[in-house]
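Numbering (our numbering) for the sequence shown: 3 to 429.
Structure first, then comments.
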Amino acid sequence: MKKSFLQNKDKKISKIFVVTGFIFIVFFSIYFAISIALSKTAAYTENDLLFGIDTIRVIDDMTVFSADHYRTSVHPLYLLFINPWGVILKKIIGSKLLAALAINSFFGALGVGIAFLFFYTYGKTITNAALLSSFFGISASQVILSITPDTATLAICSLLGTYLLFLVSLKDQKNYLFLWILIGIFSLGVTTSNFAQTFICYTALVITQDSQKSVSKKVFSVLGYGLCVFMITFAFALFQKTIYPSAGLFYLPVSIQDEMKYSSLLIFKEPFTVLFHLVKHFFVVNIISPLPTVFTLSGTFRHSPSITFSTTAEFGFIWWTGLILWITLYTTSLVHIWKNKTNRTLQITFLICFGFNFVLHSFYGVGERGLIEYFLYTGNFTFLLVSILTNLPLEKKKYLVVLLIGLILLVGENNFLALREIYFIYR
């Protein structure tokens with residue numbers, strides 16, 4: 003007997019979730035295994051060792067109830083989202099470091115799973131969606147941020163949730179307002195600046211939907227959405243403050259003032275230097291990393307050296323081969339975008355989000371202690387870059403699938419060599 007449409011649909015949905023779960027398990031295993039290896043070194047013993055990331059502070063934010071949680075000034079609800087689970091996991095495992103590594107690897111792998119759902123929803127086959135999400139999962143940004151305790155992995159999940167909801171809303175031609183409010187609270191609650199991307203996506207959705215609605219009503223809808231998300235997050239931040247007295251409040255002027263120390267106007271003095279680092283981190287080292295440079299952070303005392311990709315000049319044969327293949331596939335995708343006019347709203351909106359990050363980091367992340375350190379922010383825009391590959395006609399031109407697999411293998415091997423170098427630096 004022929005199966006009904008609903009039976010076939012349920013079977014397909016089940017298969018999608020099985021594949022998503024499998025991808026999650028694979029990448030969680032990879033990230034957690036690397037994290038465990040690095041935990042036996044000095045890599046996680048001090049702040050600012052790995053690309054300027056406050057490793058110790060974030061471990062405490064994740065797992066210690068009574069710690070000084072001052073950075074909620076820019077991560078407004080991070081404690082409510084993570085700390086209760088981290089405290090419980092620490093009690094079960096008996097180690098705050100292992101608990102933090104497990105949580106970080108969990109959200110890193112979850113991000114890869116959401117990426118798979120995005121590519122599949124976009125219209126890719128299960129196999130090609132799995133390949134594209136795997137490429138994202140082994141990118142230098144996603145790997146390193148998923149093995150280094152930080153707020154980045156949760157922030158990436160909030161952004162990927164935004165992109166997926168935006169794609170679904172465009173496909174269904176519906177404004178899932180309740181879900182948009184939830185994802186808005188999520189993105190603002192993890193990192194204040196990331197809400198800009200959620201707001202941009204929601205604005206694009208409102209503009210492109212319901213042509214009968216007047217401009218004033220659309221403006222009111224967008225502003226009302228932003229105000230609603232802000233007020234709910236505001237209320238939860240106050241609630242969080244009653245539980246964690248040391249938590250900062252994101253809406254206070256002092257919170258903005260404190261962030262200014264991470265900013266500078268160097269781009270007006272040395273535009274080519276800043277632009278070089280922007281292009282390098284937005285298009286290259288967030289995908290395929292060079293070997294890190296070791297340096298001593300000036301004005302501070304550290305038992306171990308710090309590492310960065312900002313001043314590195316060590317590029318091996320695998321790196322150059324992978325870079326050429328990455329540029330080839332990226333350029334091919336851009337050509338197909340130019341020829342194919344479909345999904346224009348999504349592509350233009352993603353370009354605006356990417357541009358927002360580019361402009362933001364022309365000033366933010368520049369100049370503190372004389373450094374230009376962008377790598378810790380790459381999680382905010384790397385998926386936007388990788389998503390360009392959705393325009394590759396993988397279903398029609400099988401040689402592109404072969405090239406994509408080759409790119410995954412090259413990037414994976416190259417980034418593994420970089421991770422091995424980091425391991426030996428801190429061993």
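For each residue, glycine too, the CB sits at the ideal point set by N, CA and C.
Limits of the unbroken alpha helix (DSSP H) element including residue i
i: Phe-360; result: 346 to 362
i: Tyr-246; result: No alpha helix (DSSP H) contains Tyr-246, which DSSP labels as neither H nor E.
i: Val-413; result: 400 to 428
i: Val-145; result: 142 to 149
i: Arg-59; result: 57 to 65
i: Phe-383; result: Segment: none, Phe-383 is in no alpha helix (DSSP H) and carries neither H nor E.
i: Lys-42; result: No alpha helix (DSSP H) contains Lys-42, which DSSP labels as neither H nor E.
i: Gly-110; result: 98 to 124
i: Tyr-80; result: 80 to 95
Start and end residues, beta strand (DSSP E) containing residue i
i: Thr-314; result: Neither: Thr-314 is in no beta strand (DSSP E) and is coded neither H nor E.
Presumed contact (8 Å Cβ cut-off) between residue i and residue j, rounded CB distance
i: Phe-324; j: Ile-350; result: As written in the sequence, residue 324 is Gly, which differs from the Phe given in the question. That pair is no contact at about 29 Å.
i: Thr-434; j: Leu-52; result: Since the displayed the chain opens at 3 and closes at 429, residue 434 lies outside it and no answer follows.
i: Leu-79; j: Ala-198; result: The pair is not a contact, with the Cβ atoms about 17 Å apart (cut-off 8 Å).
i: Asp-152; j: Leu-378; result: 7 Å
i: Ser-37; j: Leu-103; result: 4 Å
i: Ser-141; j: Val-337; result: Between Val-337 and Ser-141 the Cβ distance is about 22 Å, and since that is not below 8 Å, they are no contact.
i: Pro-292; j: Trp-321; result: 6 Å
i: Thr-380; j: Asn-288; result: 4 Å
i: Ile-427; j: Ile-309; result: 6 Å
i: Gly-88; j: Thr-65; result: 4 Å
i: Ile-354; j: Ile-245; result: In fact, because the Cβ distance is near 37 Å, the residues do not count as touching under 8 Å.
i: Ser-195; j: Thr-384; result: Incorrect: roughly 15 Å between the Cβ atoms, too far for contact.
i: Gln-396; j: Leu-386; result: The sequence given here places Leu at residue 396; Gln does not occur at that position. About 19 Å separates the two Cβ atoms, so there is no contact after all.
i: Phe-29; j: Gly-139; result: 5 Å
i: Ser-266; j: Phe-365; result: 7 Å
i: Phe-252; j: Thr-74; result: 7 Å
i: Leu-2; j: Ile-61; result: Given that the chain is displayed from residue 3 to residue 429, the structure contains no residue 2 and the question cannot be resolved.
Cutoff 8 Å: residue i Cβ touching any chain C Cβ
i: Leu-411; result: Here chain C cannot be found, since the structure has a single protein chain.
DSSP bridge partner residues for residue i (one or two, in chain order)
i: Thr-295; result: Thr-310
i: Leu-52; result: Ile-309
i: Val-368; result: Ile-374
Heavy atom of the ligand NAP within 7 Å of residue i beta-carbon
i: Ser-136; result: Annotation note on the ligand NAP: not contained in the displayed structure, which lists no ligands.
In chain order, which beta strand (DSSP E) runs of at least 3 residues are fully inside the stretch 250 to 290? Taking only runs of at least 3 residues, no beta strand (DSSP E) segment lies wholly in the stretch 250 to 290.
With a threshold of 8 Å, are at least 3 pairs of Cβ atoms found where one atom belongs to the stretch 120 to 127 and the other to the stretch 277 to 287? With a cut-off of 8 Å, the stretch 277 to 287 and the stretch 120 to 127 do not count as touching, because too few Cβ pairs lie within range.
Complete alpha helix (DSSP H) runs within the stretch 174 to 248 (minimum length 4 residues, chain order): The stretch 174 to 248 contains these whole alpha helix (DSSP H) runs: 179 to 192, 197 to 210, 217 to 245.
Would you call the stretch 81 to 99 and the stretch 257 to 273 touching, i.e. three or more CB-CB distances under 8 Å? Output reads no: the stretch 257 to 273 does not touch the stretch 81 to 99.
Does the pairing of the stretch 171 to 190 with the stretch 100 to 113 give three or more beta-carbon distances under 8 Å? With the cut-off at 8 Å, the stretch 171 to 190 and the stretch 100 to 113 do not touch.
Cβ contact (3+ pairs, closer than 8 Å) linking the stretch 38 to 56 and the stretch 208 to 228: In short, these stretches do not touch, since the Cβ pair count stays below three.
Count Cβ pairs between the stretch 390 to 410 and the stretch 325 to 339 that sit closer than 8 Å; are there 3 or more? Short answer: they touch.
With three or more C-beta pairs closer than 8 Å as the rule, is the stretch 123 to 137 touching the stretch 157 to 165? No, they do not touch.
Any contact between the stretch 310 to 322 and the stretch 161 to 180? By contact I mean 3 or more CB pairs, one from each, below 8 Å. Under the Cβ criterion (8 Å, minimum of three pairs), the stretch 310 to 322 does not count as touching the stretch 161 to 180.
Between the stretch 205 to 214 and the stretch 379 to 393, are three or more C-beta pairs nearer than 8 Å? Judged by Cβ distances under 8 Å, the stretch 205 to 214 makes no contact with the stretch 379 to 393, as fewer than three pairs qualify.
Does the stretch 186 to 195 come into contact with the stretch 55 to 69, if we say contact requires no fewer than three beta-carbon pairs (one atom in each stretch) closer than 8 Å? Short answer: they don't touch.
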